[in-house]
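Heads up, the sequence shown is in the working numbering, so the first residue is 797 and it goes up one at a time.
Beta carbons are placed, not taken as given, at the ideal position from N, Cα and C, and that holds for glycine.
None of the values given here were measured: they were computed from a predicted structure.
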Amino acid sequence: MSGPYPGHSDGAFPEVFNLPAMPPQPKEKKPGQLPEEAIKQFFEDGYVVVKNFFSPGELEPCKRALEKLVDDVAQRLYKAGKISSLYEDCDPFHERLQKMDKEWPGAAILVIKTQVLPQALKNIWTNERLLNVVEQILGPNIAGNCVFNMRSKLPQHEPTVVPWHQDNAYFDHDGYNQLIATAWIPFVDANEKNGCLQFAHRGQKTGRMADHTCCWQGTWYVMLDEEEMEKSLDIDMEKDVRLVEVPYGGMVLFSNAIPHQSLPNVSDEIRWSMDLRWQSSNKPSAFHGLKDSVLFRTEKDPNHVVDWKSFDSVNRTEVQLKAVEDIRDDTPEEGFDTLISGPWMKLWEITNTNRHVVF
Ligand SMILES: O=C(O)CCC(=O)C(=O)O
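What follows is the structure, encoded as structure tokens:
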């Protein structure tokens, strides 16, 4: 693969990347740790579904925190006269944001752009049992990568349908040779109807980074053509595409090299989820120098306390936008800016422009 765009393997980078192999597995399991078979599956297939991992006591506070985020946005929009109702009579989790977004398209994007994670979600990210699982994948020195999302996939809502991609397409080249593991955690039963994920089974096996293009429809997402998946990643689109439904309480763990997409939500309720990422703490955060990762576990100090203050002091969506401040041709309204842009767009050929593509 070679090409004029910096995201391509252009000679300065190897064509095939070496993702770390499965680390030695513990003889005695820590709480929450998975059978070796499941970890093997993660490394061989590129993803693994884990059912019944979280208790309602762990997930319900996250749902309340997401409702609070929706309420904050509702109050803001209402005070500014952008919506005519606070929609307080709607179901606060499944429905309210839909009504708000219908009246003021972009309300859901304002929620997605929230980058300070509520404490309940931070508690999941640093959950002892979950970090024990992450240790099976990455080893004992673990950092939280700065790319995380709280996603409200609304019914029939273009901005939250994510096309085929390898997560590495959003990272800089420092991401390609390391493992950045994601836990995708739904707050409802995620299924075909409400827009769960699909994976290209073993699509990471060539170790290649495929050529992505930008941007998908009216969004800020990069995209990976099915033809390119077949040609560069040796994927058979007829046989290798897997629908990955995840019941509430479960998660799917996947790597930064596996191609995946999410389906449209054709149900009538919001498909809420979050995606959280971890990497080895001695590797760069790979996010274009815009934000560091946050140390969660280190062998050197078993009593390490997470420094959320420093991590939260850099808002990723804000620094992404700062980087394009001078080149965008609109004047954002403070508190209501629904533009999402970022340095990943510069790495790939722009084959479709829309208001988010300001490069
Ligand atoms: O949640 C979704 O709809 C897409 C998630 C995704 O593509 C990701 O986490 O990389």
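Going by the CB atoms, is the gap between residue j and residue i shorter than 9 Å?
i	j	result
Pro1055	Leu1086	no
Val1154	Leu1135	yes
Trp1144	His1008	yes
Ile1066	Glu891	yes
Leu913	Phe889	no
Phe839	Ile920	no
Asp963	Pro1139	no
Val930	Asn990	no
Met1070	Cys858	yes
Asn923	Gln829	no
Asp1103	Val1090	yes
Val907	Leu865	yes
Tyr874	Pro959	no
Asp1088	Cys942	yes
Pro759	Gly1003	Any answer about residue 759 is impossible in this case: the structure gives the chain only from 797 up to 1155.
Asp1126	Arg1151	yes
Pro1098	Gln932	no
Arg860	Ala916	yes
Asn1052	Thr1113	no
Asp970	Ser1081	yes
When you measure from the CB of residue i to every non-hydrogen atom of ligand 1, does any distance come out below 8 Å?
i	result
Leu917	no
Leu993	yes
Asp963	yes
Gln1013	no
Gln1057	yes
Thr1113	no
Thr978	yes
Lys949	yes
Val1042	no
Asp1071	yes
Thr956	yes
Asn945	yes
Compare the C-alpha of residue i against each of the options and name the closest.
i	options	result
Ala903	His890, Leu917, Gly1045, Ile879	Ile879
Ala965	Pro831, Pro955, Cys1011	Cys1011
Ala870	Cys858, Glu884, Lys909, Ser1089	Glu884
Gly940	Asp1108, Asp887, Pro1098	Asp1108
Asp1133	Lys1118, Met1141, Pro1139	Lys1118
Asn937	Glu832, Thr1094, Asp1088, His1084	Thr1094
Gly1014	Leu1029, Lys875, His953	His953
Val846	Leu855, Glu854, Ile835	Ile835
Val1157	Pro951, Pro1060, Arg998, Ala986	Outside the shown range of the chain (797 to 1155) lies residue 1157, about which nothing can therefore be said.
Gln911	Met946, Met818, Phe813, Leu934	Met946
Asp868	Leu855, Leu882, Val844	Leu882
His1084	Lys1096, Lys1142, Asn1052	Lys1142
Glu1022	Thr1002, Ala996, Ile1123	Ala996
Gly999	Val1018, Cys992, Ser948, Gln1057	Gln1057
Leu1059	Asp1097, Pro1080, Lys949	Lys949
Tyr843	Ser1106, Asp1064, Leu1049, Val1120	Leu1049
Arg925	Glu1024, Lys825, Arg872	Lys825
Asp1036	Trp1068, Asn848, Lys1001	Lys1001
Pro951	His961, Lys918, Lys898	Lys898
Arg1124	Ser1137, Gly1131, Glu1130	Ser1137
Asp841	Gly853, Thr1149, Ala817, Ile905	Ala817
Gln994	Asn848, Ile1146, Met1033	Met1033
Lys918	Leu1072, Leu815, Leu893	Leu1072
What does residue i pair with, by DSSP beta-bridge criteria?
i	result
Trp1068	Ser948
Trp980	Val1048, Asp1071
Ser1076	Ile938
Leu1091	Ala939
Arg1004	Val812
Arg1038	Phe995
Ser1058	Leu993
Glu1145	Thr1009
Ala986	Val1042
Met1019	Thr1009
Val844	Leu1049
His961	His1056
Closer than 9 Å, CB to CB, is residue i near chain D or not?
i	result
Lys1096	Among the protein chains of the structure shown there is no chain D, as only one such chain exists.
Inset, instruction - Kindly confirm or deny that the stretch 970-977 and the stretch 1070-1081 touch, where touching means at least three C-beta pairs closer than 8 Å. - result: yes
Legend entry - Stretch-stretch touch, CB-based, cutoff 8 Å, three pairs: the stretch 1034-1044 with the stretch 978-987: yes
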